[in-house]
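Trainee:
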Amino acid sequence: MPNSLTPSASPSRGPGLVLALCFATILADGYDLIVFGATLPSLMHQWGSEKSALADVHSMTLGGLMVGFLVAGTLADRIGRRAVILAGVTWFSLLCLVCAFAPSFTVFGIGRVLSGVGLGAVVPAAVALASEFATARRKQLFNGITLTGYPIGGVLATIAALIVLPGADALAKSTPPSEQWRILYLLGGALIVLVPILYFALPESPSLLVARGRDEEAREVANRFGIELNAADARPADQAKGGIRLLLSSRYLSATVIFTAVMFCCQILVYGPNTWLPSMTKEMGFVGTQGTLALMMLQFGAVVGTIVGALLVDRGGATRTIVPYFLLGAVAMLALAFGTELGAAGLFVAAFAAGIGTVGTSTLMYGVIAAHYPTAIRGSAIGFCLGIGRLGAILGPQIGALFATPRAGLLAFMIPSLVGAVLILVLAASTRIRQVSDSTEGEDLVDSRA
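Numbering-wise (this note's numbering), the sequence shown opens with residue 2 and increments by one.
(1) My output table needs one value for alanine 103: the three-state DSSP class, helix, strand or coil.
(2) Give the DSSP-derived three-state secondary structure of threonine 290 in the structure shown.
(3) By DSSP, does alanine 135 sit in helix, in strand, or in coil?
(4) Measure how close the beta-carbons of threonine 307 and leucine 365 come, nearest whole angstrom, since I'm counting them as under 8 Å.
(5) Express the C-alpha separation of aspartate 315 and leucine 20 in angstroms, rounding to a whole number.
(6) Measuring straight from C-alpha to C-alpha, what distance separates leucine 18 and glycine 49?
(7) Roughly how many whole angstroms lie between the Cα atoms of isoleucine 146 and serine 381?
(8) Please list the segments of the alpha helix (DSSP H) lying wholly inside the segment 358-399, counting only runs of 4 or more residues, in order along the chain.
(9) Round the Cβ separation of valine 211 and alanine 202 to the nearest angstrom and send it over; I've been treating them as touching at under 8 Å.
(10) If you check the beta carbons only, do leucine 96 and valine 85 fall under 8 Å apart?
(11) Just mark proline 104 as buried or exposed, buried being the case when its beta carbon has 16 or more other beta carbons within 10 Å.
(12) Would DSSP call isoleucine 160 helix, strand or coil?
(13) Is the distance from the Cβ of tyrosine 272 to the Cβ of leucine 63 below 8 Å?
(14) State whether the segment 339-355 contacts the segment 274-283, with contact taken as three or more CB pairs (one from each stretch) at a distance under 8 Å.
(15) Could you check where the alpha helix (DSSP H) with arginine 321 kicks off and where it finishes?
(16) Return helix, strand or coil for proline 207, following the three-state DSSP convention.
(17) For leucine 278, name the three-state secondary structure that DSSP assigns.
(18) Whole alpha helix (DSSP H) runs in the segment 44-83 with 4 or more residues, listed along the chain?
(19) Tell me the DSSP secondary structure of phenylalanine 404 in three-state form.
(20) Tell me the residue span of the alpha helix (DSSP H) that contains glycine 421.
(21) Looking only at its chain, what residues have a beta carbon closer than 7 Å to the beta carbon of alanine 262, apart from the 5 residues adjacent to it on each side?
(22) Could you check the C-alpha separation between serine 60 and threonine 40 for me, to the nearest Å?
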(Lines of atoms letter the chains of each structure in order from A and count residues from 1; the text may use other names and numbers.)
(Lines give C-alpha, C1' and ligand atoms only; values in the text may rest on other atoms or scores of the structure.)
Protein backbone atom coordinates (compact mmCIF):
# COMPACT_ATOMS: atom_id res chain seq x y z
CA MET A 1 0.00 0.00 0.00
CA PRO A 2 1.20 3.60 -0.34
CA ASN A 3 2.99 5.39 2.46
CA SER A 4 -0.05 7.47 3.24
CA LEU A 5 -3.74 7.56 2.68
CA THR A 6 -4.44 11.11 1.59
CA PRO A 7 -7.94 12.46 1.02
CA SER A 8 -8.68 12.33 -2.69
CA ALA A 9 -11.78 14.49 -2.54
CA SER A 10 -13.27 17.28 -0.52
CA PRO A 11 -14.30 15.85 2.85
CA SER A 12 -18.02 15.57 3.52
CA ARG A 13 -17.36 15.91 7.25
CA GLY A 14 -14.54 17.38 9.28
CA PRO A 15 -12.51 16.00 12.19
CA GLY A 16 -14.46 18.40 14.40
CA LEU A 17 -17.41 16.02 14.26
CA VAL A 18 -15.33 13.24 15.81
CA LEU A 19 -14.07 15.68 18.43
CA ALA A 20 -17.64 16.72 19.28
CA LEU A 21 -18.85 13.12 19.55
CA CYS A 22 -15.91 12.05 21.74
CA PHE A 23 -16.40 15.16 23.87
CA ALA A 24 -20.09 14.31 24.32
CA THR A 25 -19.15 10.76 25.28
CA ILE A 26 -16.76 11.90 28.01
CA LEU A 27 -19.26 14.54 29.14
CA ALA A 28 -21.77 11.74 29.75
CA ASP A 29 -19.05 9.82 31.58
CA GLY A 30 -18.23 12.85 33.75
CA TYR A 31 -21.88 13.43 34.62
CA ASP A 32 -22.29 9.83 35.74
CA LEU A 33 -19.21 9.98 37.96
CA ILE A 34 -19.87 13.35 39.63
CA VAL A 35 -23.59 12.80 40.18
CA PHE A 36 -22.75 10.45 43.06
CA GLY A 37 -20.97 13.18 45.02
CA ALA A 38 -23.77 15.65 44.25
CA THR A 39 -26.42 13.27 45.60
CA LEU A 40 -24.41 11.93 48.55
CA PRO A 41 -26.22 13.95 51.26
CA SER A 42 -29.58 12.81 49.87
CA LEU A 43 -28.46 9.18 49.76
CA MET A 44 -27.32 9.33 53.37
CA HIS A 45 -30.69 10.80 54.35
CA GLN A 46 -32.67 8.33 52.22
CA TRP A 47 -31.24 5.12 53.63
CA GLY A 48 -29.46 6.32 56.76
CA SER A 49 -26.23 4.99 55.30
CA GLU A 50 -22.97 5.58 57.09
CA LYS A 51 -20.20 7.52 55.37
CA SER A 52 -18.01 4.41 55.37
CA ALA A 53 -20.64 2.34 53.52
CA LEU A 54 -21.06 5.00 50.84
CA ALA A 55 -17.29 5.35 50.57
CA ASP A 56 -17.04 1.59 50.03
CA VAL A 57 -19.61 1.75 47.23
CA HIS A 58 -17.80 4.59 45.50
CA SER A 59 -14.41 2.94 45.92
CA MET A 60 -15.72 -0.31 44.43
CA THR A 61 -17.25 1.70 41.59
CA LEU A 62 -13.83 3.18 40.90
CA GLY A 63 -12.35 -0.30 41.15
CA GLY A 64 -14.69 -1.28 38.32
CA LEU A 65 -13.57 1.84 36.50
CA MET A 66 -9.95 0.71 36.87
CA VAL A 67 -10.82 -2.70 35.42
CA GLY A 68 -12.57 -1.03 32.49
CA PHE A 69 -9.60 1.22 31.91
CA LEU A 70 -7.09 -1.64 31.94
CA VAL A 71 -9.07 -3.85 29.55
CA ALA A 72 -10.20 -1.03 27.23
CA GLY A 73 -6.98 -1.05 25.21
CA THR A 74 -7.12 -4.78 24.54
CA LEU A 75 -10.82 -4.67 23.70
CA ALA A 76 -10.32 -1.70 21.40
CA ASP A 77 -7.63 -3.59 19.49
CA ARG A 78 -9.91 -6.60 19.08
CA ILE A 79 -13.32 -5.09 18.42
CA GLY A 80 -12.46 -1.46 17.62
CA ARG A 81 -12.54 1.83 19.53
CA ARG A 82 -15.95 2.70 18.15
CA ALA A 83 -17.41 -0.55 19.47
CA VAL A 84 -15.88 -0.01 22.91
CA ILE A 85 -17.38 3.49 23.09
CA LEU A 86 -20.82 2.27 22.02
CA ALA A 87 -20.78 -0.62 24.49
CA GLY A 88 -19.46 1.54 27.32
CA VAL A 89 -22.04 4.33 26.93
CA THR A 90 -24.87 1.79 26.68
CA TRP A 91 -23.60 -0.07 29.75
CA PHE A 92 -23.23 2.85 32.15
CA SER A 93 -26.42 4.57 30.96
CA LEU A 94 -28.53 1.47 31.62
CA LEU A 95 -26.96 1.00 35.03
CA CYS A 96 -27.65 4.65 35.85
CA LEU A 97 -31.32 3.79 35.29
CA VAL A 98 -30.92 0.82 37.65
CA CYS A 99 -29.69 3.25 40.31
CA ALA A 100 -32.61 5.59 39.63
CA PHE A 101 -35.15 2.85 40.36
CA ALA A 102 -33.15 1.05 43.08
CA PRO A 103 -35.51 -0.13 45.86
CA SER A 104 -32.67 -0.50 48.36
CA PHE A 105 -29.16 0.65 49.11
CA THR A 106 -27.85 -2.79 48.12
CA VAL A 107 -29.34 -2.62 44.62
CA PHE A 108 -28.12 0.95 44.25
CA GLY A 109 -24.61 -0.07 45.29
CA ILE A 110 -24.51 -2.98 42.83
CA GLY A 111 -25.65 -0.68 40.03
CA ARG A 112 -22.92 1.86 40.82
CA VAL A 113 -20.17 -0.75 41.05
CA LEU A 114 -21.08 -2.38 37.74
CA SER A 115 -21.38 0.99 36.00
CA GLY A 116 -17.71 1.64 36.79
CA VAL A 117 -16.56 -0.89 34.19
CA GLY A 118 -18.32 0.97 31.39
CA LEU A 119 -17.17 4.35 32.67
CA GLY A 120 -13.56 3.19 32.71
CA ALA A 121 -13.64 1.70 29.22
CA VAL A 122 -15.03 4.79 27.49
CA VAL A 123 -12.41 7.43 28.35
CA PRO A 124 -9.23 5.94 26.83
CA ALA A 125 -11.09 4.81 23.71
CA ALA A 126 -12.65 8.25 23.17
CA VAL A 127 -9.40 10.13 23.77
CA ALA A 128 -7.45 7.85 21.44
CA LEU A 129 -10.06 8.13 18.69
CA ALA A 130 -10.22 11.94 18.91
CA SER A 131 -6.43 12.13 18.76
CA GLU A 132 -6.29 10.01 15.60
CA PHE A 133 -8.50 12.45 13.73
CA ALA A 134 -6.36 15.47 14.63
CA THR A 135 -3.37 16.76 12.72
CA ALA A 136 0.01 16.33 14.41
CA ARG A 137 0.02 19.95 15.59
CA ARG A 138 -3.49 19.70 17.03
CA LYS A 139 -3.33 16.37 18.88
CA GLN A 140 -2.78 17.96 22.29
CA LEU A 141 -5.56 20.46 21.61
CA PHE A 142 -7.96 17.68 20.62
CA ASN A 143 -7.01 15.69 23.72
CA GLY A 144 -7.48 18.72 25.96
CA ILE A 145 -10.86 19.68 24.52
CA THR A 146 -12.08 16.09 24.63
CA LEU A 147 -11.08 15.67 28.28
CA THR A 148 -12.81 18.90 29.34
CA GLY A 149 -15.99 16.91 28.79
CA TYR A 150 -15.35 15.27 32.16
CA PRO A 151 -15.49 18.42 34.34
CA ILE A 152 -18.22 19.96 32.16
CA GLY A 153 -20.27 16.83 32.76
CA GLY A 154 -19.60 17.41 36.44
CA VAL A 155 -20.82 21.00 36.12
CA LEU A 156 -24.06 19.75 34.55
CA ALA A 157 -24.48 17.23 37.38
CA THR A 158 -24.09 19.91 40.02
CA ILE A 159 -26.40 22.35 38.19
CA ALA A 160 -29.02 19.60 37.99
CA ALA A 161 -28.54 18.96 41.72
CA LEU A 162 -29.02 22.66 42.49
CA ILE A 163 -32.28 22.70 40.53
CA VAL A 164 -33.69 19.35 41.64
CA LEU A 165 -32.42 18.59 45.15
CA PRO A 166 -33.53 20.32 48.34
CA GLY A 167 -30.97 22.37 50.23
CA ALA A 168 -29.24 20.99 53.29
CA ASP A 169 -31.77 22.57 55.68
CA ALA A 170 -34.83 21.37 53.76
CA LEU A 171 -33.29 17.92 53.34
CA ALA A 172 -32.79 17.52 57.08
CA LYS A 173 -36.46 18.38 57.75
CA SER A 174 -38.01 16.27 54.97
CA THR A 175 -40.22 13.43 56.21
CA PRO A 176 -40.41 10.93 54.62
CA PRO A 177 -36.92 11.22 53.08
CA SER A 178 -36.82 13.12 49.80
CA GLU A 179 -36.39 10.91 46.74
CA GLN A 180 -35.75 13.73 44.29
CA TRP A 181 -32.18 12.43 43.89
CA ARG A 182 -33.60 9.71 41.63
CA ILE A 183 -34.29 12.36 38.98
CA LEU A 184 -30.55 13.00 38.59
CA TYR A 185 -29.91 9.33 37.87
CA LEU A 186 -32.82 9.29 35.42
CA LEU A 187 -31.11 12.14 33.59
CA GLY A 188 -27.90 10.10 33.53
CA GLY A 189 -29.77 7.13 32.10
CA ALA A 190 -31.34 9.38 29.48
CA LEU A 191 -27.86 9.90 28.03
CA ILE A 192 -28.39 6.57 26.30
CA VAL A 193 -29.86 8.69 23.49
CA LEU A 194 -26.23 9.26 22.50
CA VAL A 195 -25.91 5.63 21.41
CA PRO A 196 -27.86 5.83 18.11
CA ILE A 197 -26.13 9.13 17.29
CA LEU A 198 -22.72 7.58 17.91
CA TYR A 199 -23.69 4.46 15.96
CA PHE A 200 -24.50 6.38 12.78
CA ALA A 201 -22.01 9.25 13.01
CA LEU A 202 -18.87 7.99 14.78
CA PRO A 203 -16.26 6.38 12.49
CA GLU A 204 -13.86 3.60 13.35
CA SER A 205 -10.15 4.27 13.77
CA PRO A 206 -8.53 4.40 10.30
CA SER A 207 -5.28 3.07 11.79
CA LEU A 208 -7.10 0.04 13.12
CA LEU A 209 -8.76 -0.55 9.76
CA VAL A 210 -5.37 -0.48 7.99
CA ALA A 211 -3.88 -2.81 10.60
CA ARG A 212 -6.65 -5.28 9.77
CA GLY A 213 -5.97 -4.99 6.05
CA ARG A 214 -9.14 -2.99 5.35
CA ASP A 215 -7.30 -0.32 3.34
CA GLU A 216 -10.23 0.74 1.17
CA GLU A 217 -12.46 1.27 4.18
CA ALA A 218 -9.69 3.28 5.86
CA ARG A 219 -9.29 5.38 2.70
CA GLU A 220 -13.04 6.04 2.63
CA VAL A 221 -12.93 7.27 6.26
CA ALA A 222 -9.89 9.45 5.49
CA ASN A 223 -11.69 10.97 2.49
CA ARG A 224 -14.89 11.54 4.42
CA PHE A 225 -13.20 13.35 7.31
CA GLY A 226 -10.40 15.06 5.43
CA ILE A 227 -7.49 13.45 7.26
CA GLU A 228 -4.23 11.89 6.12
CA LEU A 229 -3.28 8.51 7.51
CA ASN A 230 0.36 7.47 7.44
CA ALA A 231 0.77 3.78 6.89
CA ALA A 232 3.63 3.76 9.37
CA ASP A 233 1.22 4.76 12.13
CA ALA A 234 -1.07 1.82 11.44
CA ARG A 235 0.89 -0.99 13.00
CA PRO A 236 -0.61 -4.42 13.51
CA ALA A 237 -1.30 -5.26 17.14
CA ASP A 238 1.41 -7.95 17.32
CA GLN A 239 4.13 -5.31 16.90
CA ALA A 240 3.24 -3.89 20.32
CA LYS A 241 3.31 -7.18 22.22
CA GLY A 242 6.47 -6.17 24.03
CA GLY A 243 5.02 -2.85 25.11
CA ILE A 244 4.77 -3.55 28.85
CA ARG A 245 8.16 -5.27 28.85
CA LEU A 246 9.72 -2.23 27.18
CA LEU A 247 8.01 0.11 29.66
CA LEU A 248 9.70 -1.77 32.48
CA SER A 249 13.09 -1.96 30.75
CA SER A 250 16.05 0.00 32.10
CA ARG A 251 15.45 2.77 29.57
CA TYR A 252 11.94 3.63 30.72
CA LEU A 253 11.62 1.99 34.15
CA SER A 254 12.18 5.07 36.30
CA ALA A 255 9.82 7.20 34.20
CA THR A 256 7.15 4.48 34.19
CA VAL A 257 7.31 4.01 37.96
CA ILE A 258 7.23 7.75 38.66
CA PHE A 259 4.44 8.47 36.17
CA THR A 260 2.38 5.66 37.72
CA ALA A 261 2.97 7.09 41.21
CA VAL A 262 2.05 10.58 39.99
CA MET A 263 -1.20 9.29 38.52
CA PHE A 264 -1.90 7.50 41.81
CA CYS A 265 -1.65 10.89 43.55
CA CYS A 266 -3.78 12.56 40.86
CA GLN A 267 -6.59 10.03 41.19
CA ILE A 268 -6.73 10.50 44.97
CA LEU A 269 -7.12 14.22 44.36
CA VAL A 270 -9.76 13.81 41.65
CA TYR A 271 -12.06 11.33 43.37
CA GLY A 272 -11.61 12.27 47.03
CA PRO A 273 -12.77 15.92 46.99
CA ASN A 274 -15.29 15.29 44.19
CA THR A 275 -16.97 12.65 46.34
CA TRP A 276 -17.01 14.37 49.71
CA LEU A 277 -16.98 18.14 49.17
CA PRO A 278 -20.78 18.69 49.46
CA SER A 279 -21.00 16.54 52.60
CA MET A 280 -17.87 18.05 54.14
CA THR A 281 -19.10 21.60 53.65
CA LYS A 282 -22.42 20.68 55.25
CA GLU A 283 -20.58 19.30 58.29
CA MET A 284 -18.49 22.48 58.42
CA GLY A 285 -21.64 24.54 58.85
CA PHE A 286 -22.37 25.80 55.34
CA VAL A 287 -26.07 25.88 54.57
CA GLY A 288 -28.52 25.48 51.72
CA THR A 289 -26.92 24.76 48.37
CA GLN A 290 -23.48 26.14 49.22
CA GLY A 291 -21.87 22.69 49.22
CA THR A 292 -23.23 21.88 45.78
CA LEU A 293 -22.16 25.30 44.51
CA ALA A 294 -18.65 24.61 45.80
CA LEU A 295 -18.61 21.33 43.87
CA MET A 296 -19.73 23.19 40.75
CA MET A 297 -16.95 25.75 41.19
CA LEU A 298 -14.47 22.88 41.44
CA GLN A 299 -15.67 21.62 38.04
CA PHE A 300 -15.38 25.11 36.52
CA GLY A 301 -11.83 25.31 37.84
CA ALA A 302 -11.07 21.96 36.23
CA VAL A 303 -12.27 23.19 32.82
CA VAL A 304 -10.26 26.41 33.01
CA GLY A 305 -7.23 24.60 34.40
CA THR A 306 -7.22 22.03 31.61
CA ILE A 307 -7.41 24.55 28.77
CA VAL A 308 -4.96 27.07 30.26
CA GLY A 309 -2.62 24.30 31.37
CA ALA A 310 -2.44 22.81 27.87
CA LEU A 311 -1.30 26.19 26.54
CA LEU A 312 1.24 26.56 29.36
CA VAL A 313 2.73 23.11 28.73
CA ASP A 314 3.19 23.96 25.05
CA ARG A 315 4.88 27.25 25.87
CA GLY A 316 6.73 26.64 29.13
CA GLY A 317 7.19 22.90 29.45
CA ALA A 318 5.66 20.18 31.58
CA THR A 319 7.59 20.77 34.81
CA ARG A 320 6.92 24.51 34.90
CA THR A 321 3.20 23.78 34.60
CA ILE A 322 2.53 20.55 36.49
CA VAL A 323 4.54 21.41 39.63
CA PRO A 324 2.75 24.77 40.22
CA TYR A 325 -0.57 23.05 39.53
CA PHE A 326 0.13 20.46 42.23
CA LEU A 327 1.19 23.18 44.68
CA LEU A 328 -1.96 25.17 43.90
CA GLY A 329 -3.97 22.04 44.72
CA ALA A 330 -2.25 21.79 48.12
CA VAL A 331 -2.92 25.45 48.92
CA ALA A 332 -6.55 25.06 47.82
CA MET A 333 -7.03 22.07 50.15
CA LEU A 334 -5.60 24.11 53.01
CA ALA A 335 -8.01 26.94 52.22
CA LEU A 336 -10.98 24.56 51.99
CA ALA A 337 -10.04 23.04 55.36
CA PHE A 338 -10.45 26.48 56.92
CA GLY A 339 -13.45 27.36 54.76
CA THR A 340 -15.62 28.43 57.69
CA GLU A 341 -13.16 31.23 58.43
CA LEU A 342 -13.17 32.31 54.77
CA GLY A 343 -16.94 32.42 54.39
CA ALA A 344 -18.98 31.32 51.38
CA ALA A 345 -17.11 33.51 48.88
CA GLY A 346 -13.76 32.19 50.07
CA LEU A 347 -15.09 28.64 49.89
CA PHE A 348 -16.06 29.08 46.24
CA VAL A 349 -12.69 30.61 45.30
CA ALA A 350 -10.85 27.79 47.07
CA ALA A 351 -13.00 25.18 45.31
CA PHE A 352 -12.27 26.80 41.93
CA ALA A 353 -8.53 26.68 42.67
CA ALA A 354 -8.89 23.08 43.82
CA GLY A 355 -10.41 22.18 40.46
CA ILE A 356 -7.37 23.59 38.68
CA GLY A 357 -4.92 21.81 40.96
CA THR A 358 -6.66 18.42 41.09
CA VAL A 359 -8.75 17.53 38.03
CA GLY A 360 -6.81 20.00 35.87
CA THR A 361 -3.49 18.42 36.86
CA SER A 362 -4.75 14.90 36.25
CA THR A 363 -6.05 15.79 32.79
CA LEU A 364 -2.76 17.42 31.77
CA MET A 365 -0.85 14.31 32.83
CA TYR A 366 -2.59 12.29 30.09
CA GLY A 367 -0.79 14.35 27.45
CA VAL A 368 2.51 14.50 29.37
CA ILE A 369 2.66 10.70 29.65
CA ALA A 370 1.71 10.22 26.00
CA ALA A 371 4.39 12.66 24.84
CA HIS A 372 7.15 11.01 26.86
CA TYR A 373 7.02 7.63 25.09
CA PRO A 374 7.57 6.68 21.43
CA THR A 375 4.52 5.90 19.32
CA ALA A 376 5.01 2.12 19.37
CA ILE A 377 4.45 1.87 23.14
CA ARG A 378 2.43 5.02 23.78
CA GLY A 379 -0.86 3.19 24.19
CA SER A 380 0.67 0.65 26.54
CA ALA A 381 2.22 3.47 28.58
CA ILE A 382 -1.06 5.33 29.03
CA GLY A 383 -2.96 2.15 29.88
CA PHE A 384 -0.35 0.95 32.37
CA CYS A 385 0.34 4.24 34.19
CA LEU A 386 -3.26 5.37 34.37
CA GLY A 387 -4.68 1.89 34.98
CA ILE A 388 -2.46 1.11 37.96
CA GLY A 389 -2.75 4.72 39.10
CA ARG A 390 -6.51 4.19 39.37
CA LEU A 391 -5.83 2.51 42.71
CA GLY A 392 -5.67 6.09 43.97
CA ALA A 393 -9.26 6.54 42.82
CA ILE A 394 -10.24 3.71 45.16
CA LEU A 395 -8.29 5.21 48.07
CA GLY A 396 -9.49 8.80 47.59
CA PRO A 397 -13.08 8.33 48.83
CA GLN A 398 -11.80 6.25 51.74
CA ILE A 399 -9.64 9.16 52.92
CA GLY A 400 -12.70 11.37 53.16
CA ALA A 401 -14.50 8.80 55.33
CA LEU A 402 -11.46 7.96 57.46
CA PHE A 403 -11.18 11.20 59.41
CA ALA A 404 -13.58 12.34 62.12
CA THR A 405 -13.68 15.95 60.92
CA PRO A 406 -13.87 17.44 57.41
CA ARG A 407 -10.92 19.70 58.20
CA ALA A 408 -8.66 16.72 58.90
CA GLY A 409 -9.78 15.01 55.69
CA LEU A 410 -9.12 18.07 53.55
CA LEU A 411 -5.71 18.60 55.14
CA ALA A 412 -4.91 14.96 54.33
CA PHE A 413 -5.55 15.68 50.64
CA MET A 414 -2.61 18.10 50.73
CA ILE A 415 -0.23 15.14 50.99
CA PRO A 416 -0.75 13.66 47.49
CA SER A 417 -0.50 17.18 46.02
CA LEU A 418 2.90 17.75 47.60
CA VAL A 419 4.12 14.24 46.80
CA GLY A 420 3.05 14.64 43.15
CA ALA A 421 5.02 17.89 42.83
CA VAL A 422 8.15 16.27 44.29
CA LEU A 423 7.85 13.26 41.96
CA ILE A 424 7.67 15.46 38.87
CA LEU A 425 10.76 17.37 40.02
CA VAL A 426 12.62 14.09 40.60
CA LEU A 427 11.68 12.84 37.14
CA ALA A 428 12.68 16.11 35.51
CA ALA A 429 16.07 16.02 37.24
CA SER A 430 16.81 12.40 36.33
CA THR A 431 15.28 10.85 33.23
CA ARG A 432 13.92 14.08 31.70
CA ILE A 433 10.34 14.41 30.51
CA ARG A 434 10.40 14.04 26.74
CA GLN A 435 8.32 15.40 23.93
CA VAL A 436 8.10 12.60 21.40
CA SER A 437 7.14 13.07 17.76
CA ASP A 438 5.94 10.31 15.49
CA SER A 439 9.24 10.16 13.71
CA THR A 440 11.78 10.54 16.51
CA GLU A 441 12.82 8.72 19.63
CA GLY A 442 12.27 11.82 21.69
CA GLU A 443 13.43 15.34 22.25
CA ASP A 444 13.82 16.89 25.68
CA LEU A 445 10.82 18.93 26.71
CA VAL A 446 11.74 19.82 30.26
CA ASP A 447 15.44 20.32 29.62
CA SER A 448 14.94 22.93 26.95
CA ARG A 449 12.13 24.84 28.63
CA ALA A 450 12.51 24.39 32.39
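Note that beta-carbon positions come from the ideal geometry of N, C-alpha and C, so glycine has one too. The model shown is predicted, which means the values in this text are computed figures rather than measured ones.
Mentor: This is what the structure gives:
(1) coil
(2) coil
(3) coil
(4) 7 Å
(5) 20 Å
(6) 45 Å
(7) 22 Å
(8) 362-373 and 376-390
(9) Not quite, the Cβ-Cβ distance comes to about 21 Å (not below 8 Å), so this is no contact.
(10) no
(11) exposed
(12) helix
(13) yes
(14) yes
(15) 319-338
(16) helix
(17) helix
(18) 52-80
(19) coil
(20) 415-431
(21) Leu424
(22) 16 Å
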